[in-house]
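One line per chain: the protein sequences are A and B, in this order. Just so you know, our numbering puts 58 at position 39 of the first sequence, and the rest follows in order with no gaps. Just so you know, our numbering puts 478 at position 473 of the second sequence, and the rest follows in order with no gaps. By construction, the Cβ of each residue, glycine as well, lies at the ideal position given by its N, Cα and C atoms. Structure first, commentary second.
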Amino acid sequence: MSINPAWYLSLSVVLFAIGALGVLVRRNVLIMFMCVELMLNASNLAFVSFARQLHDIGGQVLVFFVLVVAAAEVVVGLGIVVAIFRRRASTNADDLHLMKG
Amino acid sequence: MLHLSFLIILLPLVGFGVLLAAGRRLGDPAAGIVGTCFVGASFIVSVGVYIALLGVHAPVRHYGQNLWTWIPVDRLQVHAALYVDPLSMTMVLFITGISTLIHLYSIGYMKGDKDFPKFFLYMNLFVASMLILVLGSNLLVTFVGWEGVGTCSYWLVSFWFTRDSAASAGKKAFVYNRIGDVGFLLAIFLVYDKVHSLDYQVVFAHIGEIGSGNITAICLLLLVGVMGKSAQIPLFPWLADAMEGPTPVSALIHAATMVTAGVYLLCRVNPLLHASPDAALTIAIVGAATAFVAATIACAQQDIKKVLAYSTVSQLGYMFLAIGCGAYTAAIFLMVAHAFFKGLLFLGAGSVIHGLHDEQDLKRMGNLRAYLPITFITFAIGWLCIAAVPPLSGFWAKGDVLDNTWAAHPALWVVGIVTAALTAYYMSRLTGLAFFGKDRWSESTGEAPALDAAHAHHADGALAEPHESPWIMTVPLWILSFFAAVAGVMAISGSRFSLANWVDPVFGASLYHDNLSSTAVWVLAIVDAVVAIAFVGIGLWLWSQRSERPALEGAFLRGAWYINELYDTVFGRPSERLAAFCADVVDPKIIDGAVNGVAGAFRGSGTVLRRTQTGYVRNYVLGITFGTVVVLGFMLTRMWWG
């Protein structure tokens, strides 16, 4: 017996919503960062389940791309976070509004 | 030898290049000698080409040389090509010959000028441009030369540009010529539109396809062009102002060569004029009017060069009159004779000015024959030539023009003979004032003549005794006076010098044959001679003893019929007002308004929109999320109800 694919998608939606909400409401840069990762992996889950249901390998291929991009993004993003923390000793995103118009 | 025709143009051009590269280093007088040598070499090549051309059987006496294809665009095929025939050869011979003499003279005249090399630089470029003009085998090559001589004329008129009057005279010459050039360009466009070729010979071969109305339009547009270059009514006032240039420039450009370019062009397109009697009549009337008006102005001028300038305008009017009558040979004859005697007169005037340390006012000369004997003798030959006293060249040339006018348009002949009388009179006035009477130059008038630092070589004492010019200036005077005196031999039909035989292949069927009986010719010749001698006598009698006769120098004539004032009122002032309107209203209100308005609009919208850039990440994320929701919602609604 197999699990209904709707469950996978539901899980994906829930994960994505948690991630988005986290980015929206949290102030800690690290937490926001992790929430972004959560959103990325939620979409990966959706890709995989669609690939399986539609018998299309393309979805799984795309997941690999997302993984690679996410890894690269982590490298750069964490680097930036570390650099900011060194200067300001704070991980509060609201302190970083130098780009205010 | 004919295939070396391109050398005629190339040599002065190389001279220009050499002077451009090394003129400053060569200095005074080496730069002048270099310039003179290149032009002289060009003259020698011209003589060679002339002899070769004489060897060609008369009916096919022409030679085309295609140098390269200049503009190959679809149907517009313009070649950089030369056309050597008796007409262009006549022009080339006297242009290079007189240019050589005037270059030689300039070595003496410009001695000590701080821009000595630059003078010869411009002069060589001028000669090259003038030769391009006359040797070009199509309208566009001619136009290149046409613009080249105009530019050199501008540079040379304002050669002493530190003087305000010289700078503005150069601008004036340039602007008047540009007005004419518009006509020339439009004529070129019209020719191309009708024939799809600009080559003279092709155009003449397809003359039947152009249509008589279009031919008249082309001729009249060309007339506008030549009005500017050859200083005809209404575009003549610039030539008098152009006298601000050094005197050799006046002699070469504004008497002997450049101003005759218009006459050349009209002679070149003689088949077109032949096909359009209306245009020809217009040219004759313009020429007669110019000849008369300029002659009256010349009667009342005080500046020796201004008299000669208006005299040049008047003589050009004669040439136009001849062209209008279809007497192209007469026009060319007068042009060649005029080049000799007017070049001579200008160089003589230059010698006088040089000898008097930059004095140009006739009223402050007098009795110069005692001090400048060579200048006097040569100038007198020029004077009697232009006054048309037999047997000098002027008599034959002007007689030829007047005979043809008598046969074609007797009414214009009356204008012509009155102008001839005026010519004899004003030239005698000039000679009487300058060379006869008392030495007025020694009377102290309380102030020294205004001297300019630009020609400091003359500035050695304002009232020193006049001195004869050095040999380098008098030799050209002798040579020119010889040719001015004997150029009449070209009138002898059947002789080897006969101009009519020589240029016949060019004009052929277009030429007007006056068919006057020999009695009529004799009577006209006697009338010409009597008028000339009588008015030479009257002029000398009136002006050799007294220098002031206010009754004969009305303000109207002294002011040149107030033409300048008229143009100033009709064109100058309204243009100034328009310019002021543009500067005070259009520019600050409309142009600046548009520019500042655009900038203001962006600044205003920016001020509003910058509020959205809070700098908080969460705001941006909210924006992205909201946007995504909207897009998704839109797509869902399309899916369900679309």
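If you pair each beta-carbon of the stretch 473-491 of chain B with each one of the stretch 343-354 of chain B, do three or more pairs fall below 8 Å? yes
Return the residues of the stretch 607-620 of chain B that lie within a Cβ-Cβ distance of less than 9 Å from chain A, sorted by chain order. 611, 614, 615, 616, 617, 618, 619, 620
In terms of residue numbering, what span does the alpha helix (DSSP H) encompassing residue 507 of chain B cover? 504-512
Does the pairing of the stretch 421-429 of chain B with the stretch 508-521 of chain B give three or more beta-carbon distances under 8 Å? no
Starting from the C-beta of residue 44 of chain B, find all residues in its chain whose C-beta is less than 6 Å away, skip the five residues before and the five after it, and write them out in chain order. 17, 104, 105, 108, 132
Who are the Cβ neighbours of residue 373 of chain B in its own chain at under 7 Å, not counting the five residues just before and after it? 357, 381, 439, 440, 471
So the alpha helix (DSSP H) residue 13 of chain B belongs to, where does it begin and stop? 10-59
Closest by CA to residue 142 of chain B, which one among B/273, B/531, B/253? B/273
Where residue 112 of chain A meets chain B, residues with beta-carbon distance less than 8 Å: 621, 622, 623
Could you tell me if residue 30 of chain B is buried or exposed, where buried requires 16 or more neighbouring beta carbons within 10 angstroms of its beta carbon? exposed
Can you pull the chain E residues whose beta carbon is under 9 Å from the beta carbon of residue 641 of chain B, in chain order? Any reference to chain E falls outside this structure, whose protein chains are A and B.
Using DSSP bridges, identify the partner residues of residue 81 of chain B. B/78
Can you tell me whether residue 567 of chain B is buried or exposed, with buried defined as 16 or more other CB within 10 angstroms of its CB? exposed
Less than 9 Å between CB atoms is the rule here; does residue 39 of chain A satisfy it with respect to chain B? yes
Span of the alpha helix (DSSP H) holding residue 24 of chain A? 24-44
Can you tell me which of the three DSSP states residue 1 of chain B falls into? Absent from the structure is residue 1 of chain B, since the part of chain B shown begins at 6 and ends at 647.
Status (buried if at least 16 other CB within 10 Å, exposed otherwise) for residue 461 of chain B: For residue 461 of chain B, the predicted model reports a pLDDT of 41, less than 50, meaning its position is unreliable and no value from the coordinates is stated.
Sorted by chain position, which residues of the same chain lie with C-beta nearer than 7 Å to residue 427 of chain B's C-beta, five sequence neighbours on each side aside? 300, 301, 304
Would you please verify whether the beta carbon of residue 96 of chain A is less than 9 Å from any beta carbon of chain B? no
Using a Cβ-Cβ distance cut-off of 9 Å, determine whether residue 30 of chain A contacts chain B. no
Under a three-way DSSP split, which group does residue 73 of chain B fall into? strand
So, residue 211 of chain B versus residue 514 of chain B, is the Cβ gap smaller than 9 Å? no
How big is the Cα-Cα spacing for residue 611 of chain B and residue 596 of chain B? 23 Å
Does any CB atom of chain B fall closer than 9 Å to the CB of residue 71 of chain A? no
By Cβ distance, which residues of its chain are closer than 7 Å to residue 330 of chain B, with the 5 residues on each side in sequence left out? 289, 409, 410, 413, 414, 517
When we look at the beta-carbon of residue 599 of chain B and count the other beta-carbons within 10 Å, is it buried (16 or more) or exposed? exposed
Determine which residues share a DSSP beta bridge with residue 308 of chain B and list them. B/366
Inter-residue Cα distance where the pair is residue 263 of chain B and residue 525 of chain B: 35 Å
Would you list, in sequence order, the uninterrupted alpha helix (DSSP H) runs of no fewer than 4 residues that lie entirely inside the stretch 325-388 of chain B? 333-360
Residue environment, residue 405 of chain B, which counts as buried when at least 16 other CB atoms sit within 10 Å: buried
Of the choices B/58, B/572, B/114, whose alpha-carbon is the least far from that of residue 95 of chain B? B/58
Counted within 10 angstroms of its Cβ, other Cβ atoms place residue 77 of chain B as buried (16 or more) or exposed: exposed
Residue-level contact to chain A via CB, residue 626 of chain B, 9 Å cutoff: yes
Could you name the residues of the same chain whose beta carbon sits closer than 8 Å to that of residue 569 of chain B, not counting the 5 residues immediately before and after it, in chain order? 242
Tell me, please, which residues DSSP counts as bridged to residue 204 of chain B. B/143
At a Cβ cut of 8 Å, what residues of the stretch 74-88 of chain A count as close to chain B, listed as they run along the chain? none
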